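Numbering (the working numbering), first residue to last: -18 to 392.
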């Protein structure tokens, strides 16, 4: 009698072991397991191995729990019927249900939820040993599971973090001062990189500086000197028909070799064309693979829509890479998804295209400065802010009482 009761107690302890292991296993993430393993925490390496084969671990726990619960119920029934006869079955069922539910499930799982690491790491090696003991059964059930999952398309692996979960982690990190704002912007830039389309960051066609392919290198150099571009599209006949790209280094090389009279088409490189609806991440990979820094953006009908550079793609991740001295009426710079800096004399239509907004234009209101004058008549000062709908204008620099550089931010 005493041995049977002790054995029943042992089975309840085993049930608690499997329940603790299962709950703690699920409570600790794969990332946390890798972190603990790198820190050489005792038991962490074994636990990481368990995390790498989660299906085998879960199957082992279920087999163990099933055997323990069945054995305990059978032994309790035999003991109860030997003392209480036919009514012992009901008594045994009630007692074992209470014991297994309370001491084999609720208490151990609740404890493991709160103390997952303290529970799981010491249990990692016993759990691995249990997998080896039940290995033939584990393989059989794993095979059956694989067949069923294959039939229902369930073989897709769940990522370590979903994008929304990672964004939440970043928010928590910023709130707890574990990450600063620049870290947050960098991570968000990486997350948005694969979703951003080329047309969202390209330089629109109207703002492309290009040269006629029949222009001589010497004439081209004079035109380029007024700009700060090192790679310039070359067109044939109409500006919409871009046929090549010239590099400033090639122009200077030709001048050095006294070949200033030859035409640009003789040194132009074949351009790379990319669809405006492609994701910038794919274009970034293509440009790197081709070892080029610029691509012409086209529609499905091969109409030129703009151009995009490696710098544009990189800025989507790390933020703007520029010197404010570069800002001119024909050169705007994106600082983030919601912030750009422009020259006061920039055409409103260019701003609307570049920043995907709708600033109103009239016959007398064509540039940004002219538009700002309709909002505020007072003398402009650096740091002054003006709002129009959900757009905030911040004056960065003023010359002769007129804004020269202006931040435009979507709110």
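Each residue gets a CB set at the ideal place from its N, CA and C atoms; glycine is no exception.
No experiment lies behind these values; they were computed from the predicted model shown.
Asked	Found
Compute the Euclidean distance between the alpha carbons of residue 294 and residue 280, then round it to the nearest angstrom.	19 angstroms
From what residue to what residue does the beta strand (DSSP E) around residue 214 run?	212 to 217
Just to confirm the assignment, what range does the alpha helix (DSSP H) spanning residue 340 have?	Looking at the DSSP string, residue 340 is not in any alpha helix (DSSP H), and its letter there is neither H nor E.
Taking just the CA atoms, how far does residue 176 sit from residue 266?	14 angstroms
Mark residue -14 as exposed unless 16 or more other C-beta atoms lie within 10 angstroms of its C-beta, in which case mark it buried.	exposed
Does the segment 28 to 46 come close enough to the segment 86 to 106 to have 3 or more Cβ pairs within less than 8 angstroms?	yes
State the CB to CB distance for the pair residue 214 and residue 198, rounded to an integer number of angstroms; the pair is presumed to be in contact (CB under 8 angstroms).	Actually they are not in contact, since the Cβ atoms of residue 214 and residue 198 sit about 16 angstroms apart, beyond 8 angstroms.
Whole angstroms is fine: what's the gap from residue 269's alpha carbon to residue 195's?	30 angstroms
So for residue 281, helix, strand or coil by DSSP?	coil
If you draw a straight line from the C-alpha of residue 187 to the C-alpha of residue 160, how long is it?	40 angstroms
Would you say residue 264 and residue 273 are within 8 angstroms of each other, going by their C-beta atoms?	no
Under the three-state reduction of DSSP, which class applies to residue 317: helix, strand or coil?	strand
Using a 10 Å radius around the Cβ and a threshold of 16 neighbouring Cβ atoms, would you call residue 66 buried or exposed?	exposed
From the DSSP secondary-structure annotation, give me the bridge partner or partners of residue 228.	212
Does residue 286 pass the burial test, meaning 16 or more other C-beta atoms within 10 Å, or should it be called exposed?	buried
If you compare alpha carbons, which of 313, -7, 326 is closest to residue 336?	313
Is it buried or exposed, residue 222, if we count other Cβ atoms within 10 angstroms and call 16 or more buried?	exposed
Thinking C-alpha only, which one of 118, 70, 9 is nearest residue 99?	9
Ordered along the chain, which non-local residues of its own chain (more than five positions away) have a Cβ less than 6 angstroms from that of residue -5?	49
Run the CB neighbour count on residue -1, radius 10 Å, all protein chains shown included, and call it buried at 16 or more, exposed below.	buried
What residue does the alpha helix (DSSP H) around residue 122 start on, and which one ends it?	116 to 132
Compute the beta-carbon to beta-carbon distance between residue 191 and residue 220, rounded to the nearest angstrom, for a pair I have assumed lies under 8 angstroms.	6 angstroms
Please state the DSSP three-state secondary structure of residue 203.	helix
Here's the rule: buried if 16 or more other CB atoms are within 10 angstroms of the residue's CB, otherwise exposed. What is residue 89?	buried
Going by the CB atoms, is the gap between residue 258 and residue 399 shorter than 8 angstroms?	Since the first residue of the chain shown is -18 and the last is 392, residue 399 is not available in this structure.
Could you give the distance in angstroms between the alpha-carbon of residue 391 and the alpha-carbon of residue 319?	5 angstroms
Who are the near neighbours of residue 380 in its chain, counting only those whose CB is closer than 6 angstroms to its CB and skipping five residues on each side?	none
Compute the distance between the beta-carbons of residue 211 and residue 288, then report whether it is under 8 angstroms.	no
Quick check: what's the CA-CA separation for residue 128 versus residue 14?	29 angstroms
Starting from residue 89 and walking both ways along the alpha helix (DSSP H), at which residues does that stretch end?	88 to 95
Distance, Cα to Cα, residue 80 vs residue -7?	7 angstroms
State the DSSP-derived secondary structure class of residue 436, mapped to helix, strand or coil.	Past the edges of the chain, shown from -18 to 392, lies residue 436, and the structure says nothing about it.
Which residues does DSSP pair with residue 368 in a beta bridge?	373
Measure the Cβ-Cβ separation of residue 387 and residue 340 and say whether it is below 8 angstroms.	no
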